[in-house]
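*Asks:* Protein chains in written order, with the numbering used here: chain Z, 614 to 855; chain D, 904 to 1266.
By construction, the Cβ of each residue, glycine as well, lies at the ideal position given by its N, Cα and C atoms.
Please read all numbers here as calculations on a predicted model, not as lab measurements.
Below is the structure I would like to discuss, written out as structure tokens.
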Ligand SMILES: Nc1ncnc2c1ncn2[C@@H]1O[C@H](COP(=O)(O)OP(=O)(O)O)[C@@H](O)[C@H]1O
Ligand SMILES: [Mg+2]
């Protein structure tokens, strides 16, 4: 598989506090890679740094995307180049779901996808609501995924797409993730429960992050198995050793 | 004849500006330049339908009965002290599909334009009115009084777009009477800076089951001092109202909105929603929602907030591919939206284009 994203020994600081340390991750085109780890381990921080959000300062290491160093590129440039982040906790904004869908689909030439996404992800009741104000966990995840899809990404960074989502919606979300990979999109799923992974068809590489460090990497199903059996306790020791 | 040439030029300028605001008087309407009706076009269809659209001074002479019956009921002024104004009468059961436009223009420095408008939509009628007010000069005064009568089962939709210049002073009073099952929708936008604005809107629900909604989108910029006082009187049972305002504080502007609902009869419903957004440290917004009820069987609610654009909102949109400026204008655009679901289709494009223009210009 052709390499799409290479995070090379990246350390990320937020407000001058080192959160992610020397993390390396690879995602290929069409691969569904998985990043797991307990709450507060730095998973979201790493995704935001890959998306280039200001405030998530990369203090060392590089991010290579399609062979180019994008470490210092503006977030909107990264987005336009195909990097889309589905936020774990997106902010509330005075902006109607319908309006952002409209803007994104025009910007990314994805107007033909709108009807399908709105229908399949059950968004029609949400179209006239302001982004995320009073949304349930599941509604947030469905809208975030929809917006990510409408950006026609080449690399989709999905931050906890399964938290607070009912089983029915999880299956639908998983279906779209599978479809993205079929279309050669590289996907990096962050999940601390691993709940959604049972619905993912072809899992790629798996990574475990503890305390800001990648402490383990193996095929995803190995990672999931290990966590199912003994939780994150085992890795804590490993993290301590490295 | 340099005077007439300059008049023609002024008119051209005014018509262009009006048109850029979405106030298409050349489709069907009139334009009042200082005290003069400088342009007027009324379609044959309107005449055939028996619609009256004339200057208020002519109306006093030609239709004294109508002016007597509907005029100067809630407004106390001396018509002799008025420069101009419009009189629109939509007969019973007459439904106008196309908007009727009119525009007031301040065209010379120091001019004090005194206006009285009277709009009557008789029982079962329907009308859309679009009014633009603009200035071609920096120092002038616009003082307007307007009365509207919306008859039984009638619908009256009104868009008003203000586009002034710094040092202009505006005082406006608008009073609307609603008969039973009347439906009134008022949408107002002020987009430009001026010296001072004092705008009073009062809606009187005199008929049962009448509905009103007043949307106010106010952008204060430079050193504008703007005050909007809006009151709806739910004086007939089962009537309902909504007052929605969006106030954007830019530069050193000071904007005050006071929105009140007074419940008098049982079964009434009212909601006030005021939102303010400050995009400058030097701007100030004061928002006062007032609910007053003397009866138990009424539902009055309000929601008020004043905030700033948060960093995480902008960053979120940046990650979706928008530059910082684009992100901010998207947020402003979203903020200014009051929800156009109840607005007639014909009004939507006018409102949307105005909001688009404003949200990008304000950055
Ligand atoms: N804006 C911030 N300022 C300071 N600390 C932060 C900020 N955001 C996250 N952190 C801290 O960074 C650590 C990692 O957070 P996060 O990346 O959200 O973890 P995860 O996604 O793995 O749960 C946590 O200890 C969190 O408190
Ligand atoms: Mg997280």
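Relative to the alpha-carbon of residue 1222(D), which residue among 626(Z), 671(Z), 717(Z) and 634(Z) has its alpha-carbon at the smallest distance?
*Replies:* 717(Z)
*Asks:* Taking a cut of 7 angstroms between CB atoms, which residues from the region 1211–1232 of chain D lie near chain Z?
*Replies:* Residues are counted here when their Cβ sits less than 7 angstroms from a Cβ of chain Z; for the region 1211–1232 of chain D these are 1213, 1215, 1216, 1218, 1219, 1221, 1222, 1223, 1224, 1225 and 1226, given in chain order.
*Asks:* Looking only at DSSP bridge pairs, what is residue 1130(D) linked to?
*Replies:* 1101(D) and 1159(D)
*Asks:* Drop a sphere of 10 angstroms on the beta-carbon of residue 629(Z), count the other beta-carbons inside from all chains shown, and report buried for 16 or more, exposed for fewer.
*Replies:* exposed
*Asks:* Taking 6 angstroms as the cut-off, does the CB of residue 1119(D) come closer than this to any heavy atom belonging to ligand 2?
*Replies:* no
*Asks:* Give me the subset of the region 658–689 of chain Z whose CB atoms are less than 9 angstroms from a CB atom of chain D, sorted by chain position.
*Replies:* 661, 664, 665, 666, 667, 668, 687, 688 and 689
*Asks:* When the distance is taken between beta carbons, is residue 945(D) closer than 7 angstroms to residue 956(D)?
*Replies:* yes
*Asks:* Could you check what DSSP says for residue 1186(D) in three-state terms: helix, strand or coil?
*Replies:* coil
*Asks:* Straight-line CA distance for residue 786(Z) to residue 773(Z)?
*Replies:* Each residue's alpha carbon lies about 11 angstroms from the other.
*Asks:* If you measure from the beta carbon of residue 1237(D) to each beta carbon in chain Z, is any gap under 7 angstroms?
*Replies:* Output row for residue 1237(D): interface = yes.
*Asks:* In the DSSP assignment, what are the bridge partners of residue 1150(D)?
*Replies:* In DSSP, residue 1150(D) forms a bridge with 1121(D) and 1179(D).
*Asks:* Throw me the rounded Cβ distance for the residue 1003(D) and residue 931(D) pair, which I believe falls under 8 angstroms.
*Replies:* 6 angstroms
*Asks:* Within 10 angstroms of its Cβ, does residue 1144(D) collect 16 or more other Cβ (buried), or is it exposed?
*Replies:* buried
*Asks:* Just the chain Z side, please: which residues come within less than 8 angstroms of residue 1159(D) by C-beta, in chain order?
*Replies:* Under the 8 angstroms cutoff, chain Z gives no residues; its nearest Cβ is about 21 angstroms from residue 1159(D).
*Asks:* By the three-class DSSP mapping on this structure, what secondary structure does residue 716(Z) have?
*Replies:* Helix at residue 716(Z).
*Asks:* Please confirm if the region 1187–1197 of chain D is in contact with the region 1212–1232 of chain D, defined as three or more CB-CB distances below 8 angstroms between the two stretches.
*Replies:* no
*Asks:* Can you name the residues of chain D whose CB is closer than 8 angstroms to the CB of residue 706(Z)?
*Replies:* 1216, 1219, 1220, 1234 and 1237
*Asks:* Counting beta carbon pairs with one atom in the region 1038–1051 of chain D and one in the region 961–978 of chain D, are three or more of them shorter than 8 angstroms?
*Replies:* yes
*Asks:* At a CB distance below 9 angstroms, what residues from the region 1239–1259 of chain D approach chain Z? Give them in sequence order.
*Replies:* 1239, 1240, 1242 and 1244
*Asks:* Using the Cα positions of residue 642(Z) and residue 799(Z), report the straight-line distance between them to the nearest angstrom.
*Replies:* A straight line joining the alpha-carbon of residue 642(Z) with that of residue 799(Z) spans about 4 angstroms.
*Asks:* Compute the minimum distance between the beta carbon of residue 714(Z) and the heavy atoms of ligand 1, and state whether it is under 6 angstroms.
*Replies:* no
*Asks:* For residue 820(Z), count neighbouring Cβ atoms within 10 angstroms of its own Cβ and tell me buried if that reaches 16, exposed if not.
*Replies:* buried
*Asks:* Of the residues 1067(D), 1108(D) and 948(D), which one's Cα is nearest the Cα of residue 921(D)?
*Replies:* 1067(D)
*Asks:* State the DSSP-derived secondary structure class of residue 995(D), mapped to helix, strand or coil.
*Replies:* In the structure shown, residue 995(D) sits in coil (DSSP, three-state: anything other than H, G, I, E or B).
*Asks:* Can you grab the Cα-Cα spacing for the pair residue 924(D) / residue 918(D), in whole Å?
*Replies:* 10 angstroms
*Asks:* When you measure from the CB of residue 653(Z) to every non-hydrogen atom of ligand 1, does any distance come out below 6 angstroms?
*Replies:* yes
*Asks:* Start and end of the beta strand (DSSP E) containing residue 641(Z)?
*Replies:* 630–641
*Asks:* Report the start-end ranges of each alpha helix (DSSP H) in the region 942–1003 of chain D that is 4 residues or longer and not cut off at the edges.
*Replies:* 947–951, 959–965 and 967–973
*Asks:* Which same chain residues end up closer than 6 angstroms to residue 677(Z) when comparing Cβ atoms and leaving out the 5 residues on each side of it in sequence?
*Replies:* 619
*Asks:* Can you find a CB in chain D that lies within less than 7 angstroms of the CB of residue 617(Z)?
*Replies:* No - not a single Cβ of chain D is within 7 angstroms of the one on residue 617(Z).
*Asks:* Under 6 angstroms: does the beta carbon of residue 656(Z) sit that close to some heavy atom of ligand 1?
*Replies:* yes
*Asks:* Could you round the C-beta distance between residue 973(D) and residue 1023(D) to whole angstroms and report it? I think they count as a contact, below 8 angstroms.
*Replies:* The pair is a contact, with the Cβ atoms about 5 angstroms apart (cut-off 8 angstroms).
*Asks:* Using a Cβ-Cβ cutoff of less than 7 angstroms, which residues in the same chain neighbour residue 658(Z) once the five nearest sequence positions on both sides are dropped?
*Replies:* The residues are 625, 627, 632, 633 and 669.
*Asks:* Can you pull the chain D neighbours of residue 748(Z), defined as C-beta to C-beta under 8 angstroms?
*Replies:* The contacting residues do not exist; residue 748(Z) stays about 14 angstroms from chain D at best.
*Asks:* Tell me whether residue 1136(D) sits in a helix, a strand or coil according to DSSP, three-state version.
*Replies:* Note: residue 1136(D) maps to strand in three-state DSSP.
*Asks:* Helix, strand or coil for residue 1229(D), going by three-state DSSP, please let me know.
*Replies:* helix
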